[in-house]
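In my numbering, the protein residues as written are -8 to 111.
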């Protein structure tokens, strides 16, 4: 009988601990736009200024960030901040060729952030 009581209290204690309200991880709860902004702000200011462009591509919101310098790929992020492809940039200027229809299919182009530190 003592074993049953001990097991009962162990199970009850473990279940009660599972009911504790946990604060969401602040990094996880940030939107992709906030994450990209924070990432760019943690780097030295660029000339021309770093910027984030929002588009609709294949019925989803995506973000395009220009690379800081020549011949680098320009990453295109989905809403979860995962890189979908690099539609342009690189040595050829044609990106990684994984989303060759981006510039013809993307709509609703909107500048959503420009780094104010560079002033240009």
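C-beta atoms are modelled at their ideal positions from N, C-alpha and C, and glycine is treated no differently.
Owing to the predicted nature of the structure, the values given are computational and were not obtained by experimental measurement.
For residue 76, the enclosing beta strand (DSSP E) starts and ends at 74 to 80. With a threshold of 16 other beta carbon atoms within 10 Å, residue 59 falls short and is exposed.
For residue 51, the enclosing beta strand (DSSP E) has its first and last residue at 51 to 56. Membership of residue 101 in the beta strand (DSSP E) is indicated by the continuous run 98 to 105.
Assignment of residue 63 by DSSP, reduced to helix, strand and coil, places it in the coil class.
Measuring C-alpha to C-alpha distances from residue 38 to each of 74, 57 and 68 identifies 57 as the nearest.
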